[in-house]
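So the working numbering is basically just the index in the sequence shown, starting at one, shifted up by 84.
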Amino acid sequence: MRLPALILACTLLGATAVVATQGKGSMPDPARTHYQRQNCHGAYDLLNADVDAGRLPSDADRAWARAHEDAAIAGKPCPAPPEALAKRATNRIVVTQPGLQTLIKFKALDDPSAWFEAAYAVLTGSVKLDGVTAADGFAMLKKAAELGDAPAQMFLGSLHIGGAVTGKADYTAGLPFIQSAAKSGHVDAMFMLGSMYVAGLGTRKNPRLAFDYLAKAAERGHVMATFLAAKMANEGDGIKKDYNLAYRLARNLADQGEVSGAILAASALLQQKNAGDNENEVLYWMDVAARDGDDKVRAEIAKFRPQVVAAYKRYNAPPEYHPRVRKQCPTKTVCLVDRFSGARQSCITNKDYWNDCDG
């Protein structure tokens with residue numbers, strides 16, 4: 085038996101495709117990025133910055149830096165940096181003189197990430213070089229995208245969508261770059277592409293493709309993509325209604341402290357076939373949402389919670405007792421019979437209790 089569904093996600097947490105209005109404490113931040121850029125160029129630049137700051141690199145890091153320099157001179161691909169160094173250099177922009185000089189050598193090899201790092205340094209204003217303009221930076225960005233660099237494709241697509249290229253938002257021009265980055269595994273591109281398919285931005289609405297890309301981004305830990313995928317599974321948008329999947333995705337969000345996850349978890353549990361068994365958990369997630377949510381969430385929970393409690397009370401109440409219906413017994417007449425004349429005498433009529441009846 086399914087109890088009346090608590091569908092709060094649409095009213096409380098409605099999100100547009102790419103840019104959602106965020107209420108603090110109510111829904112994930114759609115602008116939060118998850119992709120972590122790590123490459124040899126940022127790592128090498130970080131080591132040079134360490135030296136400039138008087139921090140001595142480890143022997144292993146120095147050995148890797150020499151290998152990196154040798155590869156640039158020999159015209160070979162750069163070696164992967166040590167894991168710890170790569171993590172330290174996550175999302176670093178190349179700004180040191182040695183880093184920029186070595187970057188130029190790798191650009192000559194058509195290293196896609198080298199082209200992107202050079203473009204990014206210029207376009208973000210992190211590096212200002214005589215004779216190098218923003219137009220030069222944009223040209224380098226296009227080159228990196230053409231060479232297949234996913235961060236470059238994502239950045240270029242975002243510039244088109246944000247109106248930085250022509251002064252006007254152009255989703256159609258940005259779409260191919262976002263598609264390429266998503267197909268390369270860029271998690272933020274997967275989310276953006278799924279959102280564009282949801283809203284029909286730069287393309288026709290396609291709920292099925294939207295769910296596919298949002299699900300892929302959710303698998304890689306993208307919080308807003310997880311929210312939208314859970315919402316779509318809960319509502320049967322782009323996928324057959326799947327309350328178990330919606331609950332799993334929502335629970336993942338809730339366990340990370342996202343109020344939207346608590347609300348969607350309650351909603352999905354209320355719509356499952358065994359909703360009658362979920363009372364304690366439904367009320368738990370509603371209480372979590374009321375505790376951690378904003379004023380709007382608390383007001384909606386305060387309105388719906390008594391209804392849910394009443395529904396469970398009715399569902400779990402023992403049935404009202406009624407005595408079983410009595411089946412009327414038939415009557416039976418017994419008479420004495422005169423043996424000589426055969427006439428009936430002294431007849432008595434009583435209920436036939438020997439039949440299957442109650443009286």
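Cβ coordinates follow ideal geometry from the N, Cα and C atoms, glycine included.
No experiment lies behind these values; they were computed from the predicted model shown.
Whether residue i touches residue j by CB criterion (7 Å)
i, j, result
"Val366", "Leu354", "yes"
"Asp378", "Ser110", "yes"
"Ser197", "Asn132", "no"
"Ala65", "Leu140", "With the chain running from 85 to 443 in the structure shown, residue 65 is simply not present."
"Ser268", "Ala234", "yes"
"Ala144", "Pro163", "no"
"Ala223", "His244", "no"
"Val282", "Arg304", "no"
"Met238", "Ala219", "no"
"Leu193", "Gly159", "yes"
"Ala203", "Leu225", "yes"
Rounded Cβ spacing between residue i and residue j (contact assumed at less than 8 Å)
i, j, result
"Phe311", "Leu337", "6 Å"
"Ala248", "Ala236", "Not really, about 14 Å apart at Cβ, beyond 8 Å."
"Asn328", "Gln356", "7 Å"
"Ala147", "Tyr128", "Contact doesn't hold; Cβ gap of about 13 Å is too wide."
"Phe261", "Leu240", "5 Å"
"Ile177", "Ala205", "5 Å"
7 Å CB neighbourhood of residue i in its chain, flanking five on each side removed
i, result
"Lys300", "Met274"
"Leu333", "Ala302, Thr310, Ala313, Ala314, Ala317"
"Leu277", "Ile262, Gln263, Ala266, Tyr297"
"Gly107", "Interpretation of Gly107 is limited by its pLDDT of 43, a score under 50 that renders its predicted location unreliable; the figure taken from the coordinates is listed afterwards. For Gly107, where only same-chain residues beyond five positions count, the Cβ hits under 7 Å are Asp378, Lys380."
"Arg292", "Gly322"
"Thr105", "Residue placement at Thr105 cannot be trusted, given a pLDDT of 30 that sits under 50; what the coordinates show is reported in the next sentence. Cβ within range, chain order: n/a, list empty."
"Asp326", "Ala317"
"Arg382", "Ala374"
Residues of its chain near residue i, where Cβ-Cβ distance is below 8 Å and the 5 sequence neighbours each way are ignored
i, result
"Gln429", "Cys419, Leu420, Val421, Asp422"
"Val102", "Annotation note: pLDDT 26 at Val102 (below 50); position unreliable, coordinate value reported separately. Closer than 8 Å at the Cβ level, and outside the excluded window around Val102, lie Pro114, Ile245, Met276, Ser279, Met280, Ala283, Leu285."
"Thr208", "Ile177"
Selected residue, minimal CA-CA separation from residue i, among the options
i, options, result
"Ser344", "Lys324, Lys380, Asn362, Thr250", "Lys380"
"Ala137", "Met280, Thr180, Met276", "Thr180"
"Cys413", "Asn434, Asp143, Pro402, Lys397", "Asn434"
"Asp321", "Gly305, Ala302, Leu298", "Leu298"
"Thr186", "Lys416, His125, Tyr399, Lys397", "His125"
"Asp154", "Phe190, Asn175, Arg176", "Phe190"
"Ser351", "Gly341, Asp339, Ala373", "Ala373"
"Asp113", "Gly341, Val393, Arg375", "Gly341"
"Val135", "Pro182, Ala158, Ala346", "Pro182"
"Asp254", "Gly284, Tyr331, Met308", "Gly284"
"Ala115", "Ala202, Asp339, Met308", "Met308"
"Glu363", "Asp339, Ala386, Gln391", "Gln391"
"Asp339", "Asn358, Asp376, Asp326", "Asp376"
"Gly246", "Leu213, Lys212, Gly286", "Gly286"
"Pro166", "Tyr368, Asn175, Ser142", "Ser142"
"Leu259", "Pro407, Ser242, Tyr405, Tyr368", "Ser242"
"Val393", "Tyr368, Thr415, Ala346", "Tyr368"
6 Å CB neighbourhood of residue i in its chain, flanking five on each side removed
i, result
"Pro161", "none"
"Arg389", "Met370"
"Ala170", "Gln122, Ala127"
"Cys431", "Thr417, Cys419"
"Tyr119", "His270, Val271, Asp272"
"Ala427", "none"
"His306", "His118, Val271, Phe275"
"Tyr396", "Glu363"
"Gly98", "Residue placement at Gly98 cannot be trusted, given a pLDDT of 32 that sits under 50; the coordinates are not used to answer."
"Asn175", "Arg121"
"Pro403", "none"
"Val211", "Val179, Ala205"
"Phe200", "Ala228, Asp233, Pro235, Ala236"
CB contact check: residue i to chain C, cutoff 7 Å
i, result
"Val307", "Given the protein chain composition of this structure (a single chain), no chain C is represented."
Residue range of the beta strand (DSSP E) that includes residue i
i, result
"Ile432", "428-435"
"Lys300", "Segment 291-303 is the alpha helix (DSSP H) holding Lys300; no beta strand (DSSP E) there."
"Thr417", "415-421"
Range of the contiguous alpha helix (DSSP H) that encloses residue i
i, result
"Gly360", "Run containing Gly360: none; DSSP gives neither H nor E here."
"Tyr405", "Counting along the chain, Tyr405 falls outside any alpha helix (DSSP H), and DSSP gives it neither H nor E."
"Arg150", "143-158"
"Ala257", "255-267"
"Pro235", "234-246"
"His125", "124-136"
"Thr186", "181-191"
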